[in-house]
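Step one of this worksheet: look at the structure below.
In my numbering, the protein residues as written are 4 to 176.
Put into C-alpha cells, the structure is as follows:
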C-alpha cells in the first residue's frame with residue numbers, strides 16, 4: 004500500500020504541530036508572567052529638597068525588607084540611583100513593609116544641607132543622620148516603615164528637607 008503523504012508533507016505537518024505546541028507553551032508562559040506581575044509592585048517618584056524645583060541627583064536609594072516564608076525569613080534588598088531630575092524607579096518589588104534609605108554624598112561637612120542633629124523629614128518614621136566615610140560626608144535619610152502593595156504602581160516623592168525632631172508636626176489646614 005502506497006503512502007498518502009510525501010516525506011516533505013510529513014515534515015511540514017510535524018513542524019506545524021510543533022509550532023502550535025510551542026505557541027501554546029509560550030502563551031502559557033506569558034500568562035504565568037502576567038500573573039506573577041500582579042504579585043509584584045512598581046515604586047517610582049522624585050527625590051527633592053524643600054521644593055520640587057530642587058531635585059536631588061545621584062542619590063542612592065535602597066529598599067530593604069524581610070519576607071517571611073514558611074521555613075525561613077528571606078532578606079529583600081533593592082538599590083538604585085536618582086537621575087539628573089531626581090527620579091528613581093524600582094520594578095518587580097515583592098509586596099512588603101520596606102525600610103527606605105536615601106543617601107547623598109558631600110565633600111565636606113559644610114556642604115551637607117541638613118544642619119540639625121538629630122533631624123527628620125516630613126515623612127513619618129524618618130530620621131536624618133550624617134556619617135563620615137573617609138573623606139566624604141554622607142547625609143542619610145532613613146524611613147523605617149514604607150508599605151508597598153502588589154497590583155498597581157506606587158508613586159512616592161521624598162522631600163529631604165530636614166526639620167528638628169523636637170519640632171511639632173505642622174498642622175494640616
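Just so you know, even glycine gets a beta-carbon here, dropped at the ideal spot from N, CA and C. Quick caveat, the model's predicted, so the values are computed rather than measured.
Backbone CA spacing between residue i and residue j [nearest angstrom]
{"i": "residue 126", "j": "residue 74", "result": "34 Å"}
{"i": "residue 71", "j": "residue 118", "result": "38 Å"}
{"i": "residue 51", "j": "residue 146", "result": "15 Å"}
{"i": "residue 53", "j": "residue 93", "result": "23 Å"}
{"i": "residue 136", "j": "residue 65", "result": "18 Å"}
{"i": "residue 114", "j": "residue 95", "result": "35 Å"}
{"i": "residue 160", "j": "residue 112", "result": "26 Å"}
{"i": "residue 158", "j": "residue 58", "result": "16 Å"}
{"i": "residue 85", "j": "residue 62", "result": "5 Å"}
{"i": "residue 79", "j": "residue 164", "result": "28 Å"}
{"i": "residue 56", "j": "residue 91", "result": "16 Å"}
{"i": "residue 139", "j": "residue 103", "result": "21 Å"}
{"i": "residue 144", "j": "residue 169", "result": "17 Å"}
{"i": "residue 82", "j": "residue 105", "result": "10 Å"}
Residue i, buried or exposed, once every other Cβ within 10 Å from all chains shown has been counted against 16
{"i": "residue 124", "result": "buried"}
{"i": "residue 162", "result": "buried"}
{"i": "residue 107", "result": "buried"}
{"i": "residue 89", "result": "buried"}
{"i": "residue 149", "result": "buried"}
{"i": "residue 37", "result": "Low per-residue confidence applies at residue 37: pLDDT is 45, beneath 50, and the placement is therefore not dependable enough to give any value."}
{"i": "residue 32", "result": "The predicted model places residue 32 with a pLDDT of 40, which falls under 50 and marks its position as unreliable; any figure quoted below should be read in that light. Classification for residue 32: exposed."}
{"i": "residue 77", "result": "exposed"}
{"i": "residue 132", "result": "exposed"}
{"i": "residue 167", "result": "exposed"}
{"i": "residue 87", "result": "exposed"}
{"i": "residue 46", "result": "buried"}
{"i": "residue 110", "result": "exposed"}
{"i": "residue 142", "result": "buried"}
{"i": "residue 156", "result": "exposed"}
Anticipated Cβ contact below 8 Å, residue i with residue j, distance rounded
{"i": "residue 100", "j": "residue 48", "result": "That belief does not hold up - the Cβ atoms of residue 100 and residue 48 are roughly 17 Å apart, past 8 Å."}
{"i": "residue 44", "j": "residue 151", "result": "5 Å"}
{"i": "residue 130", "j": "residue 121", "result": "7 Å"}
{"i": "residue 153", "j": "residue 116", "result": "Wrong, their Cβ atoms sit about 35 Å apart, outside the cutoff."}
Query raised in the report: In the stretch 47-111, which residue ranges form an unbroken alpha helix (DSSP H) of at least 4 residues, counting only runs that do not cross its ends?
Result: Restricted to the stretch 47-111, not a single alpha helix (DSSP H) segment is unbroken, complete and at least 4 residues in length.
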